[in-house]
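What follows is one structure encoded as C-alpha cells, with my remarks underneath.
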C-alpha cells in the first residue's frame with residue numbers, strides 16, 4: 011500500500027502574533043470541542059482510502075495545538091488509527107508554543123506524539139516582544155529542557171530572521187544556544203509581512219523598518235554556516251537537520267508526495283489533485299454537518315508537473 015501523510019490544522023491561538031497570516035481564531039473551550047467533533051468526522055470521511063494507504067506521518071499544526079486539551083489530541087490520533095493503519099515507526103508531530111507545552115509533556119508522549127516543533131523564533135527578548143510573541147527566552151529554553159527531560163529527542167525549533175532591528179549576532183546567538191541544547195532540527199524562516207497583519211500595517215505606516223536585502227542575506231548565510239558547522243545540514247528550502255532527523259512531513263510537501271489536510275483552511279494532495287477545505291472555522295463546521303465535507307479543487311497536475 012502507498013504511504014500517506016495527514017496534516018491536522020488546529021486553528022486556535024491565545025493571541026495572534028503580529029506577523030502571522032495563517033488562519034486562526036481566539037481559543038475558547040466550546041469552540042474547541044465543536045471543532046474536534048468536526049475534525050473527527052472529517053477523518054472518518056476518508057474511510058475509503060484506508061484500503062489503499064498506510065499513514066507514515068501525522069502533523070498537528072496551527073494555530074497552537076499545545077493550547078487545547080491533550081485528551082482532544084488523543085481523540086484525533088485515535089480516530090486516525092481507527093480508520094487507517096498507522097506505521098509503527100510513524101512520525102507524529104505537534105507544534106507548540108514554549109509557554110503552553112511543559113505541563114502536558116508526559117501525556118503527549120503517552121498518546122503517541124514523538125516529535126515536537128517549538129515556536130522559539132528568537133532568544134532575544136526585545137525581538138520576541140517586537141513580533142508579538144507571548145513567551146520570553148527563559149521560557150523557551152525551559153520548554154526545551156522539559157521536553158528533553160520527558161524523553162523527546164526529536165525536537166524542531168522555529169527560528170526567524172529578517173526582523174526589524176535584528177542583527178547577525180542575534181541570529182548567531184540564538185542558533186548557538188539551540189545547538190548547545192542538542193536541538194537536531196531547525197526551521198529557519200525569513201520574516202515576510204503579509205497584507206492584513208499588524209506588522210504589515212506598521213511597515214506601511216513607516217513605524218517599523220525592515221532590514222535591507224543585503225542584511226537579510228547576511229543573516230541567512232550566518233545562520234546556515236553555524237548550523238552546518240554543527241552538523242545540521244540543509245535538506246529543504248527552510249529546514250536544517252542532523253542526518254536522520256529530517257521531518258518526514260516536510261519532505262512530503264517537498265517531494266510532492268500524497269497527504270490529506272484536516273480542519274479549516276487545510277490543503278490536501280491526493281492522486282494528482284490539490285484541494286482545500288473551507289477557510290473559516292464556522293464554514294468548515296457547517297460544511298461537514300451532514301458528513302460530506304466541502305472541498306475546493308485548486309489544481310490538477312499531470313505527470314510532467
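Numbering (this note's numbering), first residue to last: 11 to 315.
Backbone N, C-alpha and C fix where the C-beta goes; we use that ideal spot for every residue, glycine too.
Complete alpha helix (DSSP H) runs within the segment 278 to 311 (minimum length 4 residues, chain order):
291 to 297
When the Cα atoms are used, what is the spatial distance from residue 46 to residue 284?
As a position in the chain shown, residue 46 is number 36, starting the count at 1. As a position in the chain shown, residue 284 is number 274, starting the count at 1. Cα-Cα distance, rounded: 24 Å.
Pairwise C-alpha distance: residue 79 and residue 153
Position 143 of the chain shown, counted from the first residue, corresponds to residue 153. Position 69 of the chain shown, counted from the first residue, corresponds to residue 79. Rounded to whole angstroms, residue 153 to residue 79 spans 18 Å at the Cα level.
I'd like the list of long-range same chain contacts for residue 167, defined as Cβ closer than 6 Å, with 5 residues on each side in sequence excluded.
Here residue 167 corresponds to residue number 157 of the chain shown, with the count starting at 1. If we look at residue 167 and ignore the five residues flanking it on each side, its Cβ neighbours are 128, 130, 188, 193 and 196.
Rounded C-alpha distance that separates residue 250 from residue 300:
For the purposes of this step, residue 250 is identified with residue 240 of the chain shown, where counting begins at 1. For the purposes of this step, residue 300 is identified with residue 290 of the chain shown, where counting begins at 1. If you take the alpha carbons of residue 250 and residue 300, they lie about 43 Å apart.
Please report the straight-line C-alpha distance between residue 149 and residue 94, rounded to a whole angstrom.
Along the chain shown, one-based indexing puts residue 149 at 139. Along the chain shown, one-based indexing puts residue 94 at 84. If you take the alpha carbons of residue 149 and residue 94, they lie about 37 Å apart.
Measure the C-alpha to C-alpha separation of residue 115 and residue 199 and round it to an integer number of angstroms.
Here the question's residue 115 lines up with position 105 in the chain shown. Here the question's residue 199 lines up with position 189 in the chain shown. Residue 115 and residue 199: Cα-Cα distance of roughly 26 Å.
Count the other C-beta atoms from every protein chain shown that fall within 10 angstroms of the C-beta of residue 185, then say buried if there are 16 or more, exposed otherwise.
Position 175 of the chain shown holds residue 185. Label assigned to residue 185: buried.
What does a CB cutoff of less than 6 Å around residue 213 pick up in its chain, not counting 5 residues either side in sequence?
To locate residue 213, count along the chain shown from 1; it is residue 203. Closer than 6 Å at Cβ, skipping near neighbours: 203.
For residue 176 and residue 183, what's the separation of their Cα atoms in angstroms?
Within the chain shown, numbered from 1, the residue matching residue 176 stands at position 166. Within the chain shown, numbered from 1, the residue matching residue 183 stands at position 173. So the two alpha carbons sit approximately 12 Å from each other.
Smallest Cα separation from residue 296: which of 165, 26, 48 and 76?
The sequence position of residue 296 within the chain shown is 286, counting from 1. Considering only alpha carbons, the answer is 48.
CB-CB length for residue 101 against residue 67, believed under 8 Å
Taking the first residue of the chain shown as 1, we reach residue 101 at position 91. Taking the first residue of the chain shown as 1, we reach residue 67 at position 57. The pair is a contact, with the Cβ atoms about 5 Å apart (cut-off 8 Å).
Are the segment 17 to 25 and the segment 273 to 289 in contact at 8 Å, needing three or more beta carbon pairs?
yes
With 16 other Cβ atoms within 10 Å as the buried cut-off, status of residue 52:
Locating residue 52 in the chain shown gives position 42, counting from the first residue. So residue 52 ends up on the buried side.
Are residue 140 and residue 173 close, meaning C-beta to C-beta below 8 Å?
For the purposes of this step, residue 140 is taken as the residue at position 130 of the chain shown. For the purposes of this step, residue 173 is taken as the residue at position 163 of the chain shown. Yes, the Cβ-Cβ distance between residue 140 and residue 173 is below 8 Å.
To the nearest angstrom, how far is it from the Cα of residue 221 to the Cα of residue 241?
Position 211 of the chain shown holds residue 221. Position 231 of the chain shown holds residue 241. C-alpha separation (whole angstroms): 28 Å.
Same chain, Cβ closer than 8 Å to residue 76, five either side skipped, listed in chain order
Residue 76 sits at position 66 when you count from the first residue of the chain shown. Cβ neighbours of residue 76 beyond the five flanking positions: 104, 105, 106, 107, 110, 111 and 114.
Spatial distance of residue 37 from residue 290 (CA atoms)
Residue 37 sits at position 27 when you count from the first residue of the chain shown. Residue 290 sits at position 280 when you count from the first residue of the chain shown. Answer to the nearest angstrom: the Cα atoms are 14 Å apart.
Roughly how many angstroms separate the alpha carbons of residue 164 and residue 298, rounded to a whole number?
Counted from its first residue, the chain shown places residue 164 at position 154. Counted from its first residue, the chain shown places residue 298 at position 288. Going from the Cα of residue 164 to the Cα of residue 298 covers about 35 Å.
Cut-off 7 Å between Cβ atoms - residues of its own chain near residue 307, not counting five sequence neighbours on either side:
The residue labelled residue 307 in the question sits at position 297 within the chain shown. Taken in chain order, the residues that qualify are 283 and 285.
What residue range does the beta strand (DSSP E) around residue 269 cover?
The sequence position of residue 269 within the chain shown is 259, counting from 1. Taken as a continuous stretch (DSSP letters only), the beta strand (DSSP E) holding residue 269 covers 269 to 272.
What is the DSSP secondary structure of residue 196, reduced to helix, strand or coil?
The residue labelled residue 196 in the question sits at position 186 within the chain shown. Strand, per DSSP.
Alpha-carbon spacing of residue 280 relative to residue 13, whole angstroms:
Counting from 1 along the chain shown, the entry for residue 280 is found at position 270. Counting from 1 along the chain shown, the entry for residue 13 is found at position 3. Each residue's alpha carbon lies about 11 Å from the other.
Please report the straight-line C-alpha distance between residue 134 and residue 178, rounded to a whole angstrom.
As a first step, residue 134 must be located in the chain shown, where it is residue number 124. As a first step, residue 178 must be located in the chain shown, where it is residue number 168. So the two alpha carbons sit approximately 12 Å from each other.
Counting only the same chain and skipping the five closest in sequence on each side, list residues whose C-beta sits under 7 Å from that of residue 258.
Translated into the one-based positions of the chain shown, residue 258 becomes position 248. The answer, listed in chain order, is 66, 67 and 101.
First and last residue of the beta strand (DSSP E) that includes residue 167?
Taking the first residue of the chain shown as 1, we reach residue 167 at position 157. Residue 167 -> beta strand (DSSP E) spans 165 to 171.
Can you check whether the CB of residue 73 is closer than 8 Å to the CB of residue 34?
The count along the chain shown starts at 1 and reaches residue 34 at position 24. The count along the chain shown starts at 1 and reaches residue 73 at position 63. Yes, they are a contact pair.
Terminal residues of the continuous alpha helix (DSSP H) containing residue 140?
Position 130 of the chain shown, counted from the start, is the residue given in the question as residue 140. Counting along the chain, the alpha helix (DSSP H) containing residue 140 begins and ends at 135 to 140.
Coil, strand or helix - residue 244 by DSSP:
Indexing the chain shown from 1 puts residue 244 at position 234. Strand, per DSSP.
Could you check the C-alpha separation between residue 160 and residue 146 for me, to the nearest Å?
For the purposes of this step, residue 160 is taken as the residue at position 150 of the chain shown. For the purposes of this step, residue 146 is taken as the residue at position 136 of the chain shown. Rounded to whole angstroms, residue 160 to residue 146 spans 21 Å at the Cα level.
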